[in-house]
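**Student:**
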Amino acid sequence: MEQVKGLIAQLGAKRLIIMGGVAALIMAALAMVALRGENSTMGFLYTDLDPSAAAAISEKLKAQNVPFELSADGTAVMAPVDKLAELRMAMAGEKLGGKIGYEVLDEEQPFGVSASRAKMNETRAIEGELVRSIQSLDAVSGARVHIVMPERAMFAAEARPATASVTVKTKGRLPAETIQAIRYLVSSAVPELSPESVSIVDQSGALLARAGEQGAAGGGSVDERQSQIEAKMREEIIALLEPIVGQGKVRAEVAAQID
Numbered sequence: 000m001e002q003v004k005g006l007i008a009q010l011g012a013k014r015l016i017i018m019g020g021v022a023a024l025i026m027a028a029l030a031m032v033a034l035r036g037e038n039s040t041m042g043f044l045y046t047d048l049d050p051s052a053a054a055a056i057s058e059k060l061k062a063q064n065v066p067f068e069l070s071a072d073g074t075a076v077m078a079p080v081d082k083l084a085e086l087r088m089a090m091a092g093e094k095l096g097g098k099i100g101y102e103v104l105d106e107e108q109p110f111g112v113s114a115s116r117a118k119m120n121e122t123r124a125i126e127g128e129l130v131r132s133i134q135s136l137d138a139v140s141g142a143r144v145h146i147v148m149p150e151r152a153m154f155a156a157e158a159r160p161a162t163a164s165v166t167v168k169t170k171g172r173l174p175a176e177t178i179q180a181i182r183y184l185v186s187s188a189v190p191e192l193s194p195e196s197v198s199i200v201d202q203s204g205a206l207l208a209r210a211g212e213q214g215a216a217g218g219g220s221v222d223e224r225q226s227q228i229e230a231k232m233r234e235e236i237i238a239l240l241e242p243i244v245g246q247g248k249v250r251a252e253v254a255a256q257i258d
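Oh and the sequence shown: position 110 is 109 in numbering that gives the first Met the number 0, straight run, nothing missing.
1) Quick one: is Ser39 buried, meaning 16 or more other Cβ sit within 10 Å of its Cβ, or exposed?
2) Using the rule of at least 16 other Cβ atoms within 10 Å of the residue's Cβ for burial, across every protein chain shown, is Lys61 buried or exposed?
3) Check the C-beta distance from Ala163 over to Val189 and give it rounded, since I have them as a contact under 8 Å.
4) What does the Cβ neighbour count give for Ser51, buried or exposed, with the cut at 16 atoms within 10 Å?
5) In chain order, what residues of the same chain lie with their CB nearer than 7 Å to the CB of Ala53, ignoring the 5 residues before and after it?
6) Roughly how many whole angstroms lie between the Cα atoms of Leu86 and Asp137?
7) By DSSP, does Thr40 sit in helix, in strand, or in coil?
8) Assign Ser140 to buried or exposed, taking buried as 16 or more other Cβ atoms, counted over all protein chains shown, within 10 Å of its Cβ.
9) State the start and end residues of the unbroken beta strand (DSSP E) segment that holds Met77.
10) Would you mind giving the Cβ-Cβ distance between Pro174 and Arg182, rounded to the nearest angstrom? I have them listed as a contact below 8 Å.
11) Grab the span of the beta strand (DSSP E) containing Gly211 for me, first residue to last.
12) What is the DSSP secondary structure of Ala142, counted as helix, strand or coil?
13) Got a sec, what are the start and stop residues for the beta strand (DSSP E) Ala163 sits in?
14) Using 10 angstroms around the beta-carbon of Ser203, count the other beta-carbons present and answer buried if the total reaches 16, otherwise exposed.
15) With DSSP as the reference, label Ile99 as helix, strand or coil.
16) Can you tell me which of Ala55, Lys168, Asn120 and Ser196 puts its alpha carbon nearest to the alpha carbon of Ala205?
17) In its own chain, which residues sit with a C-beta less than 8 Å from the C-beta of Val65, not counting the 5 before and 5 after it?
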């Protein structure tokens with residue numbers, strides 16, 4: 000104790016004040032770094048929400064004690080990055096959702112990109128976020144999502160509606176409510192896409208949800224066999240070309256005709 004008192008006496012009051020000020024500045028800097036670190040872990044859960052959807056999602060997050068941030072205009076919700084995928088699946092189970100993937104697109108989109116390339120990048124960004132969300136399910140070990148964006152035309156007959164197909168590698172049987180949650184997740188992320196326009200098949204080609212119908216798919220119809228064949232051929236084409244051009248750079252569309 001006497002040694003401490005002697006050291007304080009040697010330093011003097013002026014030096015002690017300076018040292019205290021330096022220590023306070025260091026503590027403040029560390030606090031700012033920690034705060035920035037916390038903020039950097041937040042990512043967009045959904046964007047382009049209407050006020051009622053944003054309010055409903057916020058209430059669900061509050062009920063689950065999940066930290067979140069609402070944008071100033073109330074159209075976007077942010078949540079911890081490491082929880083985004085599982086939160087999206089949970090919200091889809093409650094029939095809540097919105098646009099995803101656009102923040103990734105904004106970061107990666109180069110200046111002066113063509114309209115067609117921009118549209119392709121947009122589709123890939125959405126597909127990537129959907130895959131991450133679906134793969135957060137315990138019963139799913141892998142997933143692929145293929146989206147066909149809607150195309151408007153002068154004549155209604157020439158317009159192309161939005162569609163989507165999902166291939167999942169499952170660890171067991173998927174419950175009907177999980178299948179419906181996947182359909183809602185995908186449809187809410189794509190403009191003008193209804194849940195009924197999302198088809199789902201598993202790794203064996205079994206149709207879990209048929210486009211054009213509500214609920215889980217039945218079995219044995221020509222439409223089911225057509226969807227299975229199309230999904231299998233699409234996967235085979237992608238598996239053949241990806242080693243050559245790179246993963247995620249192949250898009251395949253198959254239209255099978257069955258006699």
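Ideal Cβ placement from N, Cα and C applies to all residues, glycine included.
**Tutor:** With the structure as the only source:
1) Any answer about Ser39 is weak, because its pLDDT of 49 lies below 50 and its placement is not dependable; what the coordinates show is given next. Exposed is the call here.
2) When all chains shown are included, Lys61 counts as exposed.
3) 6 Å
4) Counting every other CB atom within 10 Å of its CB across the protein chains shown gives Ser51 a total below 16, marking it as exposed.
5) Leu69, Gly73, Thr74 and Val76
6) 13 Å
7) coil
8) Ser140 should be labelled exposed.
9) According to the DSSP assignment, Met77 belongs to the beta strand (DSSP E) that extends over Val76 to Pro79.
10) Actually they do not touch by this definition, with Cβ atoms about 13 Å apart.
11) Per DSSP, Gly211 belongs to no beta strand (DSSP E) and is neither H nor E.
12) strand
13) Unbroken beta strand (DSSP E) run through Ala163: Thr162 to Thr169.
14) With fewer than 16 other beta carbons inside 10 angstroms of its own, Ser203 counts as exposed.
15) coil
16) Lys168
17) Ala78, Pro79, Lys82 and Leu86
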